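In the numbering used here, the protein residues as written are 1139 to 1286.
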């Protein structure tokens, strides 16, 4: 067997191995946003909000809420909405949510109630799973990555 033939065979084998690894990784990522258990959010260091749902974010620009919201987003939202709020195409890119009170109303209704169409769940409802404090902390963090 000559040197050139061996080199071509090795190169072809490496390409096949790389393609197989890429396809396997893609398959794992495609299923990664499926059924997952929401992660608990420790909001004990935030001001308690009570049982009545607020219409606007009480934690806007609150450093502790932003810290908690960052972690809570990564644990509960990033698998669909993407790291840093940057969507990879599965769900909306949350950097473009409307700002302030208008955006708060849209945000809290969607997070609480989820979104379904024709019997298909596009986003699960988080009311009863995440506390109001956690939802608003996530919103406070999202405001730090907002883009126009």
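Ideal Cβ placement from N, Cα and C applies to all residues, glycine included.
Here the structure is a predicted model, which means the values were calculated and not measured.
Is it right to say residue i is buried, meaning 16 or more other beta carbons lie within 10 angstroms of its own, or is it exposed?
i	result
residue 1221	exposed
residue 1279	buried
residue 1189	exposed
residue 1240	exposed
Within the same chain, show all residues whose beta-carbon is closer than 8 Å to that of residue i, passing over the 5 residues directly before and after it, in chain order.
i	result
residue 1244	1235, 1236
residue 1285	1233, 1234
Taking residue i as part of the beta strand (DSSP E), name the residues at either end of that continuous run.
i	result
residue 1254	1253 to 1255
residue 1258	1258 to 1261
In terms of residues, what are the limits of the alpha helix (DSSP H) holding residue i?
i	result
residue 1197	From DSSP, residue 1197 is part of no alpha helix (DSSP H); its letter is neither H nor E.
residue 1233	Counting along the chain, residue 1233 falls outside any alpha helix (DSSP H), and DSSP gives it neither H nor E.
residue 1216	1216 to 1219
Per DSSP, residue i is paired with what?
i	result
residue 1268	1265
Tell me which same chain residues have a C-beta within less than 6 Å of the C-beta of residue i, skipping the five on either side of it?
i	result
residue 1252	1261, 1262, 1263
residue 1112	Nothing in the structure corresponds to residue 1112, since the chain is present only between 1139 and 1286.
Using 8 Å as the cut-off, can you tell me whether the segment 1264 to 1273 makes contact with the segment 1216 to 1231, which would need three or more C-beta pairs spanning the two stretches below that distance?
no
With contact counted as at least three CB pairs below 8 Å, one residue from each stretch, are the segment 1174 to 1185 and the segment 1195 to 1202 in contact?
yes
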